[in-house]
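Asker: So the sequences go chain by chain: A and B. Using the working numbering, the first residue of the first sequence is number 1344, and each one after it goes up by one. Using the working numbering, the first residue of the second sequence is number 10, and each one after it goes up by one. Even for Gly, the Cβ is constructed at its ideal location relative to N, Cα and C.
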Amino acid sequence: MRYLIFALIFLSAPLWGDRYGGHQEREHREKDKMEIHLKEENIRDLGIKVQRVERKPSGKLIKMPAEVRENPSLTFAIYSPAEGIIRRLFVKEGDLVRKGQKLAEIFSPEIAQLVGEIEMARVKTETARRIFERDKELYQQKVIQYTRFFTSKTEYERSKGELKALMERLKSFGEVEGYHLVIRSPAKGYVVDQRVKPGDSVGPDRKLFEVHYHQVLWVYGWSGVSSSNSIKKGTQGKVITSLGEVSCSIDYIGHKVDPKTRRIPVRCIAENKGHILKPGMFVNLEVFTGGETAVVIPKRAVQDIEGKKVVFVRTDDGFEAREIHIEKEIDGYVVVEEGLKEGERIAVSGTVFLKTKLVGVEEGGHHH
Amino acid sequence: MFRTILRFRLLVILALVGVVIYGFYSFKKLPIDAFPDPTPVQVNIYTEAPGLSAEEVETLITIPVESVMNGLKDVVLVRSVSIPALSYVSVYFKEGTDIYFARRLVMEKLPDAKERVPAGFSPVMGPNATGLGNALLYVLHDTSGKYSNKELKSIFQQWLARPLIMSVGGVEEIVQFGPELAYLIVPDFDKFVAYGITLEEFLEALERNNLLVGGGFFQSAEGDLVVRGLGRVYSTEDILRIPVKVDEGRGISVYVKDVARVIEGEVPNRRGAFTMDGREVQGNVVVKRIYENTKEVVDKVKEKLKEIQNILPEGVKIEHLYDQAYITEKAVATIQKALFSGMLLVAIVTAFLLGNFRASLIVISSLPITLLTAFIVMKNTGMSGNLMTLGGLAIGIGMFVDSSVVIVENIYRHLSERREGFKFSIVLDSVREVWRPVFFAVLIIVIVFSPIFVFESIEGKYFKPLAFTLIIALLSSMLIAFTFIPVLSYYFLKPGKTTYSAVMRFIHRVYGRVLDASFKVRVPLLAGVVVAFLGSLFLLTRIGTEFAPELEEGSVIVNAFLDPNVSIEEAKRLAMAIEKEALKFPDVVRTFSTVGRAEKGEVVDVNFIETWIILKPQEEWKSFRTREEFNQILRERLSWLPASIGFTQPIKMAIDHLLSGVRADIAIKIFGQDPEVLNQIATKVKEITEKVPGAVDVQKEIQAGRLQLRVYPRWETLERYGITAEEVLNVIKYALGGNDIGVLQKDTYLFPIVISLPEEFRGNVERLKEIPIFERDGKILTFGDVADIKVEPGLFVIRRENNIRYALVMTDVEGRDIGSFVSELQERIQKETELPKGYFITYGGQFENQQRAMKRLSVAVPVSIFLIFVLLYLSFNSVRDALIVILNVPFAVIGGIVALYISGFNLSVPSAIGFIAIFGIATLNGVVLVSYIRDLLAEGLDIRSAVKKASILRIRPILITAITTFIGLIPLLVISDIGSEVQKPLATVVVGGIFTSTLLTLVILPSVYELVYRRFARAERRRE
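Structure representation (structure tokens):
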């Protein structure tokens, strides 16, 4: 029975003569170890994807968390220069104001007192002037002695000085209308951070509002120590928010590690187009450190075979394993120093299978 | 005694009816199985160790567990496998140890073992099942496109199908493949930095905010209210709302939603998958409990599957793929077919040779009664009807009529000769005349088969039941011949006109002439026999050896090993590619694969694929004729695969695995300590093995080359900030290891909540280093601060046996017998490799059983033959006559050997049992003839006439015995259905052996007897 079966198998051997072809193929493979023969269908079955090799900037995209902050030189805090009570507010938080626009009127007892004092000083000066003029005439007519004339002259001068001093003082409080202080915006911008309402008692130690011009903001990012090195002053960055993106320009890279985050602060100055950025926002900062143009391929295309870095280049009937030299590795990509040309097609997934075809299963990844 | 039987004949008839009814009942209730389960008494201990590498698993878990288990009572072997994240220790107990006792011993030691392994890992006992426990495979798949595999597994399988199937008696465990639904928290580490949050705080917040507390009772006006603290999360929104930290500097609270995403996904780090006909499905393996009957369990589970289908939503299909009962049914049906057709053939032949219808009817009726009696015994001794037990009945079918034939023939002859006597006394006298020889004959057969009982291990588990049922049936046939048959003969037998039928008379005539001729050419004839014997011995050396022929299971398994670093996605693709290739054959019904392991599955990683190919029934095959041919073609077609593949069959694989711990015919184990050295030797061994003719699918187990992400804690930093390594590893456990951080409750279902790293962090060491983990002294410490992270190749699997590491080379053998292959292999390896001190090689596989069985037989068979000789001597009181009968034995094997050689079967345990059977039959034939010659000599006949007369008178019983045995085996030879493979070599040997043994008994023995007798007579005369 068995014999019959064997005989049948033997006789049918030519029908599946493929078997011997297989042997030849194996021998061939051994001769030329770097060739891998695979049919198109098999490549598809194994999920091996092929990609064209391209030259592109070998830079690296660094992503970091960041916070939007106001530019301190463009922020104006508004205080009342004198103690007082707010009589009227002309703006509210969020209003856009022009430079010099009236913001508030503050009644200040100090100003009122000053105005009173000025009135008094004016009267006093007038009186002193009259006395001086009369004494001057009398002295010219030699009615009185020089001493008396000199005294009234001094008195007049002093009164005048006192008045002037008071006037100067009033002036120092800015614009005053009657007994009221008038607060005007020092710059164009938005009223933010309103802290007061009419009737509030205010003074130089209490902020009324801030006026901030948000057209330019600072974005502080925290970069990992390793990647901070490749960020240069002037590099363009991108601020990613949930509202959209804004470009920015790096102008400062921290000199020390922030102990709280263990990262390096990086400042990027952003033109706040469309007012997307709001100070205090947590955003992401992306910085692309442009590098030289080079052959950049995904890291998973590279296999380690006996200590050599190998990629698999598509040929007509399969793949050719080729050793490459890697210049550097960046975030899932490698920059190829030599071994690959632009336009060649390499396997970028399922490469572990190609490696197995080359070295067999058992020695997988084993260094000798 | 016989008088009593005949006197109470009516009672005997009633007893007969009782036996028939009870026998039939026993037959119907007899549990059915494919095989006697050869599993040794073994208890497995699993320890899941997520995040540990193979080396760590070995030192931290496997070795402590082994050392505890080594000391247990009756432990004979401790085997272990350590792979990344899993330790597996098998403890083998002495044969015959009660499994529940063994499990209890292990159980008692488990706490001890747990104490010795690092906290957090707990060794557990594996399911109480055997290596053949994978009784049934089923899948859940969706045809509506509404449900993903995750949902199929986590909802329908886990919470619906599983509990129902587990409730089926005899189901020990369900091993489930497929992705598991989980809620994944994907942290945004940039946000962590921005809010100043560390992973430690984050994990703590998650752990602390998902609790359920019972608070006893609260007495109120409404009555006693049950107090429940419901801190559990019920939805992704609940998770998102968990507060992580209050940032006092900024005056804000940070919630999970601020720093992470929560998505519905699958538990990460899955190590297994199940594919079917080219797509992934949710697959399950039902494991049956030890000692349970496969067929019963499978039938009940199949019933349950139907019930479950009814409650599953539309579009979700639960489908049964494979079960072991299928082969059981097939095999048992085959054997039954052989049994019944054998019975029929024997009946026809008996009728023909006896030449009397009534006589043959009575003889034939003894057969079913014998079988039914055997079934009664089998059922009451807890044996199952399987290939071996039923096979024992099938091969003995011809022998079971012998006793009855002798009794009936004698009664018939006496009735025909003494017509005038009382029937009662004629029957009684006839029975009394022959009961001794009949008893003697049965005794001889029993003794001849007794060496099989010295078998141990697998061969014992397989062939002892065969010998047992055979002997039981033989004894019952004798009992029946002594009780029922005389009674039946008394009632139904009538004297015939002539004692001999026409056929018989013709035979007598021819035989007389042959006998005369044989005396004339005695010397050349004897020389010829000796030459034939020597020739057959030479042939024997040309016959290969193996343990037992392979069972044709109707399905093929392709094992594929891939590079240890493949991802599960890649492995799935490869599995589907194999399936696709197999499905191109129209003869393939379906294919499915298991990739890697399920939760409680085997000790393999995703780089191991088992593809099952279910074939149509053999008659419908078109593309190939044999399974081997199919393997050959498929092997060629799969040669492009980037994998190392092997072919086997489901049950064969399980048995191979039981024997040697591997899934191939032969396992070559290289023992030693240094993995590097082991690897080198293994490579060398593999090369040598490949060169040995007959080796196919040689595989060296991958031991190294698994890339690992190793985390080395920076002790100085840890010390400086007062962080313990445990704290670091705890974070790794959750962040990288994928441990559950909590559960999410949906309805009554619980789903794990797991941390999953964002895409860009996976496999990116630089990014991993930036993850903020701890905050100490107002400073944030990143992963890179507290540990060095490196990607390095490490060990993949570490195997140990009796506390020594070993490397493994496996091979299958095709187109050659395993026995000769192994001896050549051993020789070559010994010659071509030089082992350093402390290193050694062992060989394992089914051939071990063959060698062990043959060794046992080489002692036991001569002993049994000597016993028979003693018996003969006691009975004949003559060394000469006893020797002549025994001398008949070696010559009988000539036919067996020739038949084996021609048929191409190997010398296996079944064929050895065939030879044993021939010994028995040859002895019997000799006894029948020699005892009659002695009787005639005692009556005073001269030697020549005594020999002649005895031969002619005894040819009928001898022929009937031979032909019935022969004919009874014919069905086993011709049937080629599943299950007939095992008994075929046995039947072949017996058929061949009976032919020569009968021929020699009839033609040579008379001459030899005369020759020897004359020599002795002359010597005596001279002495006088």
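Residues of chain E with a CB under 8 Å from the CB of N773 of chain B: which are they?
Answerer: The chain inventory of the structure shown lacks chain E, comprising the protein chains A and B.
Asker: Does the region 1453 to 1461 of chain A come close enough to the region 1533 to 1540 of chain A to have 3 or more Cβ pairs within less than 8 Å?
Answerer: no
Asker: Can you name the residues of chain A whose CB is closer than 7 Å to the CB of V202 of chain B?
Answerer: P1408, W1565, T1604, R1606
Asker: Contact between the region 896 to 910 of chain B and the region 926 to 933 of chain B is defined here as three or more beta-carbon pairs at a separation below 8 Å; is this criterion met?
Answerer: yes
Asker: Can you pull the chain A residues whose beta carbon is under 8 Å from the beta carbon of G787 of chain B, in chain order?
Answerer: Correct list: P1602, K1603.
Asker: Suppose you measure from the CA of M175 of chain B to the CA of G1650 of chain A; what does that come to, to the nearest Å?
Answerer: 50 Å
Asker: Establish whether the CB of F1696 of chain A and some CB of chain B are separated by less than 8 Å.
Answerer: It does; some Cβ of chain B falls within 8 Å.
Asker: Run through the region 1622 to 1679 of chain A for me and flag every whole beta strand (DSSP E) of 3 or more residues, listed as ranges in chain order.
Answerer: Correct list: 1625 to 1632, 1636 to 1641, 1646 to 1648, 1651 to 1658, 1661 to 1666, 1668 to 1673.
Asker: What residue range does the alpha helix (DSSP H) around A908 of chain B cover?
Answerer: A908 of chain B -> alpha helix (DSSP H) spans 888 to 912.
Asker: Assuming contact is defined by CB atoms lying nearer than 8 Å, are V822 of chain B and Q859 of chain B in contact in what I supplied?
Answerer: no
Asker: From what residue to what residue does the beta strand (DSSP E) around T284 of chain B run?
Answerer: 281 to 285
Asker: For E182 of chain B, is the classification buried or exposed, using 16 other Cβ atoms within 10 angstroms of its Cβ as the cut-off for buried?
Answerer: Residue burial is scored here from C-beta neighbours: E182 of chain B has at least 16 other C-beta atoms within 10 angstroms and is therefore classed as buried.
Asker: Is Y34 of chain B near the ligand MN, with its Cβ less than 7 Å from a heavy atom?
Answerer: Annotation note on the ligand MN: not contained in the displayed structure, which lists no ligands.
Asker: Roughly how far, in whole angstroms, is the beta-carbon of P994 of chain B from the beta-carbon of L909 of chain B, given that I think they are within contact range, below 8 Å?
Answerer: Yes, P994 of chain B and L909 of chain B are in contact; Cβ-Cβ is about 7 Å, under 8 Å.
Asker: Does K1374 of chain A have its Cβ less than 8 Å from a Cβ in chain B?
Answerer: With a pLDDT of 41 at K1374 of chain A, under the threshold of 50, the modelled position of this residue cannot be trusted; read the value that follows with caution. No, no contact with chain B.
Asker: Is it right to say H1366 of chain A is buried, meaning 16 or more other beta carbons lie within 10 angstroms of its own, or is it exposed?
Answerer: Note that H1366 of chain A scores 45 on pLDDT, short of 50, meaning its location in the model is unreliable and no value can be drawn from it.
Asker: So N1572 of chain A contacts chain B; which residues on that side make the cut at Cβ distance below 8 Å?
Answerer: Under the 8 Å cutoff, chain B gives no residues; its nearest Cβ is about 13 Å from N1572 of chain A.
Asker: Closer than 9 Å between beta carbons: that is the criterion. Which residues of the region 708 to 731 of chain B meet it against chain A?
Answerer: Q708, K709, E710, I711, Q712, A713, G714, R715, L716
Asker: Leaving aside the five residues before and after L1586 of chain A along the sequence, list all residues of the same chain whose C-beta is less than 6 Å from its C-beta, in chain order.
Answerer: I1619.
Asker: Within a Cβ cutoff of 6 Å, which residues of the same chain sit near N53 of chain B, ignoring the five residues on either side of it in sequence?
Answerer: S99, G135
Asker: How would you label R392 of chain B, buried or exposed, when you count the other beta carbons within 10 angstroms and need 16 or more for buried?
Answerer: Reading the sequence as shown, one finds Met at residue 392 of chain B and not Arg. Its Cβ being crowded by 16 or more others within 10 Å, M392 of chain B is buried.
Asker: Give the straight-line distance between the Cα atoms of V341 of chain B and K123 of chain B, rounded to the nearest whole angstrom.
Answerer: 45 Å
Asker: Go through its chain and collect everything with a Cβ distance to V29 of chain B's Cβ below 7 Å, but skip five positions before and after it.
Answerer: I378, L381
Asker: Just the Cα atoms here: how many angstroms apart are V1411 of chain A and S1590 of chain A?
Answerer: 13 Å
Asker: Please state whether DSSP places G731 of chain B in a helix, a strand or coil.
Answerer: coil
Asker: Closest by CA to K742 of chain B, which one among B:F130, B:R113, B:V50?
Answerer: B:F130
Asker: Any chance you could list the alpha helix (DSSP H) runs of at least 4 consecutive residues sitting entirely within the region 1542 to 1624 of chain A, in chain order?
Answerer: 1568 to 1571
Asker: Using 8 Å for Cβ pairs, my map puts E468 of chain B next to E990 of chain B. What's the rounded Cβ distance?
Answerer: Actually they do not touch by this definition, with Cβ atoms about 16 Å apart.
Asker: Would you kindly report the start and end of the unbroken beta strand (DSSP E) that includes Y156 of chain B?
Answerer: Neither: Y156 of chain B is in no beta strand (DSSP E) and is coded neither H nor E.
Asker: The region 656 to 679 of chain B: which residues have C-beta closer than 7 Å to a C-beta of chain A, in chain order?
Answerer: none
Asker: Please go through the same chain and pick out, in chain order, the residues whose beta-carbon is closer than 8 Å to the beta-carbon of R1031 of chain B, but skip the five residues on each side of it.
Answerer: none
Asker: Do you know whose CA, among B:D665, B:Y721, B:E769, B:V613, lies nearest M819 of chain B's CA?
Answerer: B:D665
Asker: Alpha carbon to alpha carbon, how far is F805 of chain B from L817 of chain B? Give it in angstroms, no decimals.
Answerer: 13 Å
Asker: Less than 8 Å between CB atoms is the rule here; does F1625 of chain A satisfy it with respect to chain B?
Answerer: Yes, its Cβ sits closer than 8 Å to a Cβ of chain B.
Asker: Quick one: is N79 of chain B buried, meaning 16 or more other Cβ sit within 10 Å of its Cβ, or exposed?
Answerer: exposed
Asker: What in chain B is Cβ-close to V1466 of chain A, meaning under 8 Å?
Answerer: Near V1466 of chain A there are no residues of chain B at all, since even the closest Cβ is about 56 Å away, more than 8 Å.
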